[in-house]
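Protein chains in written order, with numbering that gives the first Met the number 0: chain Z, 0 to 262; chain Y, 0 to 262; chain P, 0 to 262.
Ideal Cβ placement from N, Cα and C applies to all residues, glycine included.
Fair warning: this is a prediction, and the values are worked out from it, not measured in the lab.
Quick notes on the structure that follows.
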Amino acid sequence: MNRDMPAILLGRVRAQKPVVHHITNWVTIAACADIVKAFGASPVMAHAKEESADMAGIASALVLNIGTLTPEVIDAMLLAAKSANKKGIPVVLDVCGAGATKYRDESCAKLLDGSRIDIIKGNASEIARIAGLDVKTKGVDSTEVKGDLASTAAKLARERNCTVVITGKEDIVCGASGTYIVKNGHEMMAKAVGTGCMAASVIGTFAAVEKDLAVAAAAGLVCYEVAAENAAMKAKGPGEFKSRLSDEVYILSGENVSRNQKF
Amino acid sequence: MNRDMPAILLGRVRAQKPVVHHITNWVTIAACADIVKAFGASPVMAHAKEESADMAGIASALVLNIGTLTPEVIDAMLLAAKSANKKGIPVVLDVCGAGATKYRDESCAKLLDGSRIDIIKGNASEIARIAGLDVKTKGVDSTEVKGDLASTAAKLARERNCTVVITGKEDIVCGASGTYIVKNGHEMMAKAVGTGCMAASVIGTFAAVEKDLAVAAAAGLVCYEVAAENAAMKAKGPGEFKSRLSDEVYILSGENVSRNQKF
Amino acid sequence: MNRDMPAILLGRVRAQKPVVHHITNWVTIAACADIVKAFGASPVMAHAKEESADMAGIASALVLNIGTLTPEVIDAMLLAAKSANKKGIPVVLDVCGAGATKYRDESCAKLLDGSRIDIIKGNASEIARIAGLDVKTKGVDSTEVKGDLASTAAKLARERNCTVVITGKEDIVCGASGTYIVKNGHEMMAKAVGTGCMAASVIGTFAAVEKDLAVAAAAGLVCYEVAAENAAMKAKGPGEFKSRLSDEVYILSGENVSRNQKF
Numbered sequence: 000m001n002r003d004m005p006a007i008l009l010g011r012v013r014a015q016k017p018v019v020h021h022i023t024n025w026v027t028i029a030a031c032a033d034i035v036k037a038f039g040a041s042p043v044m045a046h047a048k049e050e051s052a053d054m055a056g057i058a059s060a061l062v063l064n065i066g067t068l069t070p071e072v073i074d075a076m077l078l079a080a081k082s083a084n085k086k087g088i089p090v091v092l093d094v095c096g097a098g099a100t101k102y103r104d105e106s107c108a109k110l111l112d113g114s115r116i117d118i119i120k121g122n123a124s125e126i127a128r129i130a131g132l133d134v135k136t137k138g139v140d141s142t143e144v145k146g147d148l149a150s151t152a153a154k155l156a157r158e159r160n161c162t163v164v165i166t167g168k169e170d171i172v173c174g175a176s177g178t179y180i181v182k183n184g185h186e187m188m189a190k191a192v193g194t195g196c197m198a199a200s201v202i203g204t205f206a207a208v209e210k211d212l213a214v215a216a217a218a219g220l221v222c223y224e225v226a227a228e229n230a231a232m233k234a235k236g237p238g239e240f241k242s243r244l245s246d247e248v249y250i251l252s253g254e255n256v257s258r259n260q261k262f
Numbered sequence: 000m001n002r003d004m005p006a007i008l009l010g011r012v013r014a015q016k017p018v019v020h021h022i023t024n025w026v027t028i029a030a031c032a033d034i035v036k037a038f039g040a041s042p043v044m045a046h047a048k049e050e051s052a053d054m055a056g057i058a059s060a061l062v063l064n065i066g067t068l069t070p071e072v073i074d075a076m077l078l079a080a081k082s083a084n085k086k087g088i089p090v091v092l093d094v095c096g097a098g099a100t101k102y103r104d105e106s107c108a109k110l111l112d113g114s115r116i117d118i119i120k121g122n123a124s125e126i127a128r129i130a131g132l133d134v135k136t137k138g139v140d141s142t143e144v145k146g147d148l149a150s151t152a153a154k155l156a157r158e159r160n161c162t163v164v165i166t167g168k169e170d171i172v173c174g175a176s177g178t179y180i181v182k183n184g185h186e187m188m189a190k191a192v193g194t195g196c197m198a199a200s201v202i203g204t205f206a207a208v209e210k211d212l213a214v215a216a217a218a219g220l221v222c223y224e225v226a227a228e229n230a231a232m233k234a235k236g237p238g239e240f241k242s243r244l245s246d247e248v249y250i251l252s253g254e255n256v257s258r259n260q261k262f
Numbered sequence: 000m001n002r003d004m005p006a007i008l009l010g011r012v013r014a015q016k017p018v019v020h021h022i023t024n025w026v027t028i029a030a031c032a033d034i035v036k037a038f039g040a041s042p043v044m045a046h047a048k049e050e051s052a053d054m055a056g057i058a059s060a061l062v063l064n065i066g067t068l069t070p071e072v073i074d075a076m077l078l079a080a081k082s083a084n085k086k087g088i089p090v091v092l093d094v095c096g097a098g099a100t101k102y103r104d105e106s107c108a109k110l111l112d113g114s115r116i117d118i119i120k121g122n123a124s125e126i127a128r129i130a131g132l133d134v135k136t137k138g139v140d141s142t143e144v145k146g147d148l149a150s151t152a153a154k155l156a157r158e159r160n161c162t163v164v165i166t167g168k169e170d171i172v173c174g175a176s177g178t179y180i181v182k183n184g185h186e187m188m189a190k191a192v193g194t195g196c197m198a199a200s201v202i203g204t205f206a207a208v209e210k211d212l213a214v215a216a217a218a219g220l221v222c223y224e225v226a227a228e229n230a231a232m233k234a235k236g237p238g239e240f241k242s243r244l245s246d247e248v249y250i251l252s253g254e255n256v257s258r259n260q261k262f
């Protein structure tokens, strides 16, 4: 990926202000809206099956997150994803908590098999689970996964013909155009609730303005995590960190990104 | 409206601590509760149709917001609104996202036709849509509306025999007692998620303590937006702004309001 | 209770990082997740009846909160509670808003009679209601209750063979091992939304690491409220207070707890 892409896409998000439709979980729904808005885009959240397809129809990207899934919400997600597929806008699926229960695994399969998911995003144990490996998860926090994560991501990306993102200390992004390793970020991100869900929202926001989805995902993560580094530098704990994260995203300059990016 | 009214009603809210019942959306539900509580009132949120009417029965105002509507929630809203009508407490409807989907428009009609809504609140494009104009919306953020907004508000207020509030750079409040233009506020409000939803909650809170609903709405917006100006002055971005907004509302004095009000 | 217990259990929570499963309300769900995570534990929220039992099966404690209950959510709570009972992990019920509507009272009864609730937690008027006293509530904020609260708590604890926690200016914890009065805390807690719900989550977190549930509840409240005192000291209002609360919990030392605890 060209070294200028994160800064270029950051500028594009701010100029185009894409509508990013979400069907997400009730825990981090406000945090996801906040971060998308802080980037200058326009978040919208609508989970009724009566309108989820229509709302996808006016959006430039769709972000799905199964954190607090129910059958009704999964139905609405499928309708929204099919509508997004028809319109040709990218669909991001955060497989939040995959592996924690049978119902989560089945719901992921239902979404992956019933619609075209363009970007699958999760932490190491969640993606390993989606890739069919036998992993034990511990709720929504990642557990250690043995083996080569990049290979797991690449295999899943090939099989599903999509982009795969594994977030963690280093993020792995595998897509048609290549594999990118993002080394930005800060350990405080793992101490605060919702940083993973927000990452999916950021990926959706950047995918709304760039067709190479692996580049979009990697560039979005770079921008988000540079801002997180800036926020963590001054924060005493997760409360101040989350408040500052929005602010640092809001004031983030392309120059600051280019100077601090690690990929 | 008397120049003292914002400060007087602020004092009345703090003295009476009204219970303000909400059926609102999952994105800004915490922000709405926070702002009502910061004003010294007592927010309650209950969306089950099994209890929404009873909860309205112990409240002094009802705030409805269709941001993340579902059929079940709309049913609960109707029951709560009818209960509020019977008790004679004011009902505020935030037509959040009206115009974005057919389902939203139909649900607004269902609420407006099936119960007495005392105050309809939205941004320019949402209210224009409710007033029957042909507008395109872009999710939940306002789009430009051509024509005279004050006339649109006045016409809708007359037709529905209610108070109409259009929030924006200048807020327009049209009711039986007249039309008020509130010129307080700060551009940071448009950069943060939930400031519009919170405005509806504030209007409901002030409507709980003052029978002239146009005066209540305008005075509430004045107090809220003076606090927002105080918060924005010191905030680096939307994260700090939202945290400070609660604090500035909490410490807001009637004197500070009177000195800074613009209406 | 041994004077060292709060600090000891704080250390145990951080070392064991228990998964604490929640089925809670939509207003404070993020705040509850934040506080559990700030203590170093791993919050998970899952309210679908299709998975709530399985999720309880991988958790070390279950926290139920009826703040925004619906029939579907109550069903999921019952399934989760029965699963928790079978596994032998503690179940905390926050009877949020009990007494406000008939439906809330009936739902509390359904949960209490249909599963084993190990810790019942509420404010004075909520617990009085659960204990069968005739009290009027005002939404979710506590109202004055006449009579001896400690006796009410003790009677309910005996009748239900469980631990009972009444939060307030002084917290009363009654269980098999005795009655503990926690005198920490700060009046700012009553000015901010969600501090009661967070208290239940903290109690669940500490109950995950200590078998004497009355000691766990009291020790958890001591730690939480010492952190709240530290946060309130520096906060201008409820916005800054809530952000700082997470930070103060995050950096809280056992030494700081031991020095400031009042019980």
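Taking the alpha carbon of residue i as the reference point, which residue from the options has its own alpha carbon closest?
{"i": "Y:Glu-228", "options": "Y:Met-187, Y:Ile-119 and Y:Val-144", "result": "Y:Met-187"}
{"i": "P:Lys-182", "options": "P:Gly-193, P:Glu-169, P:Ala-189 and P:Thr-204", "result": "P:Glu-169"}
{"i": "P:Glu-224", "options": "P:Val-72, P:Ser-114, P:Leu-212 and P:Ala-189", "result": "P:Ala-189"}
{"i": "Y:Cys-161", "options": "Y:Gly-131, Y:His-185, Y:Val-192 and Y:Lys-120", "result": "Y:Lys-120"}
{"i": "Y:Asn-24", "options": "Y:Met-76, Y:Asp-147, Y:Arg-243 and Y:Ile-180", "result": "Y:Met-76"}
{"i": "P:Met-197", "options": "P:Ile-22, P:Gly-10, P:Asn-1 and P:Gln-15", "result": "P:Ile-22"}
{"i": "P:Gly-193", "options": "Y:Ile-202, Y:His-46, Y:Cys-31 and Y:Gly-66", "result": "Y:Cys-31"}
{"i": "Z:Lys-86", "options": "Z:Ser-114, Z:Val-72 and Z:Ile-65", "result": "Z:Ser-114"}
{"i": "P:Cys-173", "options": "P:Arg-157, P:Gly-184, P:His-185 and P:Gly-167", "result": "P:Arg-157"}
{"i": "Z:Thr-67", "options": "P:Pro-70, P:Val-43, P:Leu-61 and P:Ser-82", "result": "P:Val-43"}
Under 7 Å Cβ to Cβ from residue i, same chain only, skipping five residues before and after it: list those, please.
{"i": "P:Gly-98", "result": "Asp-104, Ser-124, Glu-125, Arg-128, Val-134 and Thr-136"}
{"i": "Z:Ile-57", "result": "Val-18"}
Shorter than 9 Å from the beta carbon of residue i to some beta carbon of chain Z?
{"i": "Y:Ser-242", "result": "yes"}
{"i": "Y:Gly-10", "result": "no"}
{"i": "Y:Ala-127", "result": "no"}
{"i": "Y:Thr-136", "result": "yes"}
{"i": "P:Lys-36", "result": "yes"}
{"i": "P:Ile-57", "result": "yes"}
{"i": "P:Met-54", "result": "yes"}
Looking at the C-beta of residue i, does it have a partner C-beta in chain P at a distance below 9 Å?
{"i": "Z:Tyr-102", "result": "yes"}
Which chain Z residues are close to residue i, counting only those with a beta carbon under 9 Å from its beta carbon?
{"i": "Y:Gly-39", "result": "The premise fails here: Y:Gly-39 is roughly 23 Å from chain Z at the closest Cβ pair, so nothing lies under 9 Å."}
{"i": "P:Asp-33", "result": "Ala-191, Val-192, Gly-193, Pro-237, Gly-238 and Lys-241"}
Residues of chain P with a CB under 7 Å from the CB of residue i: which are they?
{"i": "Z:Leu-68", "result": "Ala-47"}
{"i": "Y:Ser-245", "result": "Gly-236, Pro-237 and Gly-238"}
{"i": "Z:Asp-140", "result": "Ser-41"}
{"i": "Y:Asp-93", "result": "Within chain P, no residue comes near Y:Asp-93; the closest Cβ sits about 17 Å away, beyond 7 Å."}
Can you find a C-beta in chain Y that's less than 9 Å from the C-beta of residue i?
{"i": "P:Lys-190", "result": "yes"}
{"i": "P:Gly-96", "result": "yes"}
{"i": "P:Thr-166", "result": "no"}
{"i": "Z:Glu-71", "result": "yes"}
{"i": "Z:Met-187", "result": "no"}
{"i": "Z:Tyr-249", "result": "yes"}
Could you tell me which chain P residues have their CB closer than 9 Å to the CB of residue i, listed as they occur along the chain?
{"i": "Y:Ala-29", "result": "Trp-25, Val-26, Thr-27, Ile-28, Ala-29, Ala-30, Val-192 and Gly-193"}
{"i": "Y:Met-44", "result": "Asn-24, Trp-25, Val-26, Gly-66, Thr-67 and Val-139"}
Quick one: what's got a C-beta closer than 6 Å to residue i's C-beta in the same chain, skipping five residues either side?
{"i": "Y:Ser-257", "result": "Ala-6"}
{"i": "Y:Ala-230", "result": "Phe-240, Arg-243, Leu-244 and Glu-247"}
{"i": "Z:Ala-80", "result": "Val-90 and Ser-114"}
{"i": "P:Ala-213", "result": "Thr-162, Val-172, Gly-174 and Ser-176"}
{"i": "Y:Ala-234", "result": "Phe-240 and Arg-243"}
Check the Cβ of residue i against every Cβ in chain Z and list those closer than 8 Å, keeping chain order.
{"i": "Y:Ala-226", "result": "Within 8 Å Cβ-Cβ: nothing; Y:Ala-226 doesn't reach chain Z, min ~18 Å."}
In its own chain, which residues sit with a C-beta less than 8 Å from the C-beta of residue i, not counting the 5 before and 5 after it?
{"i": "P:Leu-111", "result": "Leu-92, Ile-119, Ile-129 and Arg-159"}
{"i": "Y:Ser-41", "result": "Lys-16, Pro-17, Val-18, Val-19 and Val-35"}
Identify the contact partners of residue i in chain Y, using a Cβ-Cβ distance below 9 Å as the criterion.
{"i": "P:Ala-230", "result": "Ordered by position in chain Y, no residue passes the 9 Å Cβ test against P:Ala-230, which lies about 13 Å from the chain."}
{"i": "P:Asp-74", "result": "In chain order: nothing, as chain Y lies at least about 12 Å away."}
Find the residues of chain Z that neighbour residue i, judging by a C-beta separation of less than 7 Å, and give them in chain order.
{"i": "P:Glu-50", "result": "Thr-100, Tyr-102 and Arg-103"}
Q. In chain order, which alpha helix (DSSP H) runs of at least 4 residues are fully inside the stretch 24 to 66 of chain P?
A. If we require 4 residues or more, the alpha helix (DSSP H) runs fully inside the stretch 24 to 66 of chain P come out as 28 to 37 and 51 to 56.
Q) Can you give, in chain order, each stretch of the beta strand (DSSP E) that sits fully within the stretch 117 to 153 of chain Y and has at least 3 residues? A) 118 to 122
Q: Note down, one range per segment and in chain order, each alpha helix (DSSP H) of at least 4 residues found wholly within the stretch 162 to 245 of chain Z.
A: Qualifying alpha helix (DSSP H) stretches, in chain order: 194 to 206 and 212 to 233.
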